[in-house]
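Numbered per the working numbering, the sequence shown spans residues 702 to 1019. Heads up, the beta-carbon is just placed ideally off N, CA and C, and yes, glycines get one too.
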Amino acid sequence: MTDLDLSGKKVLVTGGAGFVGSNVTERAVRAGAEVTVVDDLFTGSLDNIDDDVKYRFVEGSVCDEKLISGLVREADFVVHMAARNIIVSTKNPRNDYEVNIGGTLNVLMAAREFGIKRIVYTSSASVYGNPRIIPIVEEERTHTFSPYSVSKLAGENYCNAFYESYGVPVTAVRYSNVYGPKQDPKNPYCGVISKFIEAIDNDIAPQIHGDGNQTRDYTYVDDAVDATLTALLSPKSEGTVFNLGTGTETTVVELLDILASLFGKEVTPEHIDRRDIDNIRRRVLNIERIRSRLRWQPQIGMKEGLRRTVEWYLSRKK
Ligand SMILES: NC(=O)c1ccc[n+]([C@@H]2O[C@H](COP(=O)([O-])OP(=O)(O)OC[C@H]3O[C@@H](n4cnc5c(N)ncnc54)[C@H](O)[C@@H]3O)[C@@H](O)[C@H]2O)c1
């Protein structure tokens, strides 16, 4: 892990009670920051944040312009993560539009008015759609297949526009399939990994949408947090978009095999129809830009990340 010093820095984390956000909050507090979390608890929960972590919580929406304006005014740094996720947004594109685009605009407008040291916007590798070349470089053309990828890219474009037009110091990181502790399998919107873990643990056949040969670049949450906070502090990240992944491609079948071996069980999956959000066949990111510019690289490989995730899952059952 990078040695991060956030002593005395005031950090606003929007969506800070969510899966990645709660991990960011904990790490920032432990690195010395005074953290304020704003979250409407739509998918997030305060239970995600460890009891020994001291932070200020404000329940509210990024769509509340006045609230966000006041919170940004008090902050030095903003990690803007509040968003409706891909499943919610596919069902309700208008709500996605209001939160993911409108909420981002509220953060940027306040930052323009009051000044801020840095905003990190958490974008998504879903903006690439089905890429032409793998591993995907940041210059790859974007291709938005889902309302979610439209809104995440729109937020990113607003960040770029506010940097170019008004000098608002923003950085965007494009996350790729982040997984790890606090990703709750009981949440209907959770990712494939936590669903597989729960199924294997309960001796239920894990469901694979399609043939299982679709690939993703799975990123362990501590690595994603580390890179996000490194980008928040680095002068070299201003005005830049970074891929944030591992550079390693894993199929869903391979993922299931590793999990089955961690549980020491024979697992036979059930193949079911692909969903309307499963329209991306292969995805793996080229991470040279973040590696060379921010000197960041992932530390946790797939097996170790999954081992830690399973350990966390089993510890919660006790
Ligand atoms: N997890 C991934 O693999 C992944 C991949 C790409 C991008 N991202 C991005 O990373 C960020 C965090 O994702 P996550 O996986 O932790 O999701 P999450 O759903 O666990 O976290 C999102 C948080 O935002 C909160 N939120 C939603 N709408 C809000 C609103 N209107 N006002 C205030 N808070 C609101 C939710 O309650 C939740 O706590 C998001 O911006 C997401 O688009 C995540």
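- Only buried fits residue 898, as 16 or more other CB atoms lie within 10 angstroms of its CB.
- Per DSSP, residue 796 is one residue of the alpha helix (DSSP H) stretching across 794 to 797.
- The DSSP-derived three-state label of residue 734 is coil.
- Rounded to the nearest whole angstrom, the CA to CA distance from residue 704 to residue 902 is 36 Å.
- Beta-bridge partners assigned by DSSP to residue 883: none are found.
- By the Cβ rule, the segment 997 to 1016 counts as touching the segment 939 to 959, because three or more pairs are nearer than 8 Å.
- When DSSP reads this structure, residue 921 sits in a beta bridge with 880.
- Proximity of the beta carbon of residue 862 to ligand 1 is not indicated: no heavy atom of the ligand is located closer than 7 Å.
- For the pair residue 712 and residue 780, the CB atoms are nearer than the 8 Å cut-off.
- Runs of the beta strand (DSSP E) lying entirely within the segment 950 to 976, each at least 3 residues long, are 971 to 973 in chain order.
- Close CB contacts of residue 716 within its chain, under the 7 Å cut and outside five residues either way in sequence, are with 722, 740, 745, 782, 783, 784 (chain order).
- Beyond the five residues adjoining it in sequence on each side, residue 850 comes within less than 6 Å, by CB distance, of 827, 828 in the same chain, given in chain order.
- Counted as a single uninterrupted DSSP element, the alpha helix (DSSP H) harbouring residue 1004 occupies residues 1003 to 1018.
- Boundaries of the alpha helix (DSSP H) harbouring residue 992: 989 to 995, taken from the DSSP string.
- At least one heavy atom of ligand 1 lies less than 7 Å from the C-beta of residue 825.
- Under the DSSP assignment, residue 808 falls in the alpha helix (DSSP H) whose first and last residues are 805 to 815.
- Distances taken from the Cβ of residue 793 to the heavy atoms of ligand 1 include none shorter than 7 Å.
- Annotation: residue 816 to residue 765 spans about 19 Å, alpha carbon to alpha carbon.
- In its chain, beyond the 5 residues on either side, 961 have a beta carbon closer than 8 Å to the beta carbon of residue 967.
- Residue 856 is positioned such that its CB atom lies no closer than 8 Å to that of residue 1006.
- For residue 820, the number of other beta carbons within 10 angstroms of its own is at least 16, and it is reported as buried.
- Between residue 853 and residue 720, the C-beta spacing is not below 8 Å.
- For residue 899, the uninterrupted alpha helix (DSSP H) run begins and ends at 893 to 902, by DSSP.
- Sorting 743, 756, 748, 805 by C-alpha distance to the C-alpha of residue 726 places 756 at the top.
- Taking C-beta atoms as the reference points, residue 956 and residue 905 fail to come closer than 8 Å.
- The criterion of a C-beta distance shorter than 8 Å is satisfied by residue 778 and residue 933.
- With a cut-off of 7 Å, the C-beta of residue 872 is classified as distant from ligand 1, since no heavy atom of the ligand falls inside that distance.
- For residue 820, DSSP records a beta bridge to 779, 871.
- Looking at the backbone, the Cα of residue 1012 and that of residue 879 are separated by about 17 Å.
- No residue range can be given for residue 801, since it is assigned to no beta strand (DSSP E) and is classified by DSSP as neither H nor E.
- The closest CA to that of residue 914, considering only 953, 927, 922, 939, is found on 953.
- In the three-state reduction of the DSSP assignment, residue 981 falls in the coil class, being assigned neither a helical nor a strand state.
- For residue 760, the uninterrupted beta strand (DSSP E) run begins and ends at 757 to 760, by DSSP.
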